[in-house]
Amino acid sequence: VKSPYCTNPLCKKEVPLFSDYVIAMKSPSIRYNRDVECPECGKTFDWEMEPASMIAEPGLCVVSPTYSAGVGRTTARWTYSPNRTQMNTGFQDKNLNNSVGIYENLRSIFKCPWCNKVVLPKVKSAKTERKKVPLTVLLCPHCYAVWQWRGNLPKEVNCPVCKKDYKPKEGNVPKNGWFLCPSCGHTDRIINSIRSLPRDKLLPMRPYAIEGYCNTCAGDVEAEEINPQNVLFGERKKTKAKKKCADHLCLLTTNNGKFFKRITSADLARYQKACEIWGEEKGNLPYPKQKIPWGEKTKSGLIAHHYYYWHQMFNPRQLLCLSTLL
């Protein structure tokens, strides 16, 4: 994210620009069994057999106190438990009510969302359905934590890390081209902050989140090809095979292994390593060295913001990746 300097002479702090604090919004489709009954309290709830998450850490997943069960199931409560019967036995029994072994397995993994007791639930039907669950990945403007809200996003939320309240849809960009400094409350045009810099200096860039990929959740695992017709020169070769791990801890199977996380010191170290490699290899790699031509669009959108060459629009890591592909 770009971070202009506050133009208040008594402040001059960096102001990361956010029109809002929503990183991603998605409603994944998950498999569930509706109206499972608790024998202790007699109330019904949804048994979700697949996780709904875009965050790998369960402690950063916050559930709305109301309307979090999913589209069309707004008033229902729910509990998540993977389909252990299928994972353990290798098949899905069509008659759950007559299977003692399956019931014994359910007894140890089910927790009623009403009475919080681990119970043997009454499954009315073995037929499962699918529903969409609204998820929102948020950034906290106070501590920069990256966390997830399940359910309809309210006007105000509470960060699970620093416990501070904020409005996720209201950033520090009150209108196009302006910024609001959260430290001193000063408001000014972004271009004025740029003009206060030397002509050869760009606005600082600050990383705050990463979109990652878990190959275990996505099912990208290497398997040996043993079909003789596909073996090259009599040797085995490794191929990609889809095999999801149902009890994997980060619970991202319904999002094809994609997740969001806060940037860490290890991530920054990898970025710095990429910058070093780029500094050593850029003389041997192709990248856009041309000067940005003066024009009706470029003079205000790029040149006025101190972008004079096309390669200035990319960071060293991006240049390394793109030039290597070329």
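Numbering of the sequence shown is given in the working numbering, commencing with residue 74 and proceeding in unit increments.
Quick reminder that beta carbons are idealized off the backbone N, C-alpha and C, glycines included.
Cβ of residue i versus every heavy atom of the ligand ZN: is any distance shorter than 7 Å?
{"i": "ILE264", "result": "Inclusion of the ligand ZN in the displayed structure is not the case, the ligand content being empty and no account of it being possible."}
Taking the alpha carbon of residue i as the reference point, which residue from the options has its own alpha carbon closest?
{"i": "TYR153", "options": "PRO131, VAL135, PRO124, VAL136", "result": "PRO124"}
{"i": "ASN189", "options": "VAL135, GLY115, PRO214, VAL88", "result": "GLY115"}
{"i": "ALA339", "options": "ILE283, TYR382, HIS379", "result": "ILE283"}
{"i": "THR80", "options": "CYS185, PRO280, HIS378, ASP261", "result": "ASP261"}
{"i": "CYS232", "options": "VAL95, ARG343, VAL88", "result": "VAL95"}
{"i": "LYS204", "options": "LEU358, ARG104, LEU90, GLY356", "result": "ARG104"}
{"i": "PRO131", "options": "THR371, VAL144, VAL210", "result": "VAL210"}
State buried or exposed for residue i, treating a residue as buried only when at least 16 other CB atoms are found within 10 Å of its CB.
{"i": "VAL135", "result": "buried"}
{"i": "GLU353", "result": "exposed"}
{"i": "GLU121", "result": "buried"}
{"i": "GLY224", "result": "buried"}
{"i": "SER141", "result": "buried"}
{"i": "LEU398", "result": "exposed"}
{"i": "ARG335", "result": "buried"}
{"i": "THR162", "result": "Low local confidence applies: a pLDDT of 28 at THR162 is under 50, so the model's placement there is unreliable, with the coordinate-based value given in what follows. Exposed."}
Would you list the residues sitting across from residue i in a DSSP beta bridge?
{"i": "GLY285", "result": "PHE332"}
{"i": "VAL109", "result": "PHE118"}
{"i": "GLU349", "result": "GLU349 pairs with nothing; no bridge assigned."}
{"i": "MET98", "result": "THR209"}
{"i": "LYS75", "result": "MET278"}
{"i": "GLU87", "result": "TYR78"}
Counting only the same chain and skipping the five closest in sequence on each side, list residues whose C-beta sits under 7 Å from that of residue i.
{"i": "TRP383", "result": "PRO361, GLN363, ILE365"}
Between residue i and the rest of its own chain, which residues show a CB-CB distance below 6 Å, the 5 nearest in sequence each way excluded?
{"i": "CYS185", "result": "CYS111, VAL192"}
{"i": "LEU395", "result": "none"}
{"i": "ALA149", "result": "ASP119, ALA142"}
Spatial neighbours of residue i within its chain, please: CB distance less than 8 Å, with the 5 preceding and 5 following residues excluded, ordered by chain position.
{"i": "TYR380", "result": "LEU275, ILE365, MET386"}
{"i": "ASP93", "result": "PRO241, LYS242, GLU243, GLY244"}
{"i": "LEU270", "result": "TYR78, LEU276, HIS379"}
{"i": "CYS216", "result": "CYS232, VAL234, CYS235, LYS237"}
{"i": "GLY307", "result": "Only weak support is given to the placement of GLY307: the predicted model assigns it a pLDDT of 43, under 50, and the value that follows is read from those uncertain coordinates. There are no such residues."}
Please go through the segment 209–273 and give each complete beta strand (DSSP E) segment of 3 or more residues, from N-terminal end onward. Entirely contained in the segment 209–273, the beta strand (DSSP E) runs reaching 3 residues are, in chain order, 219–223, 251–253, 260–262.
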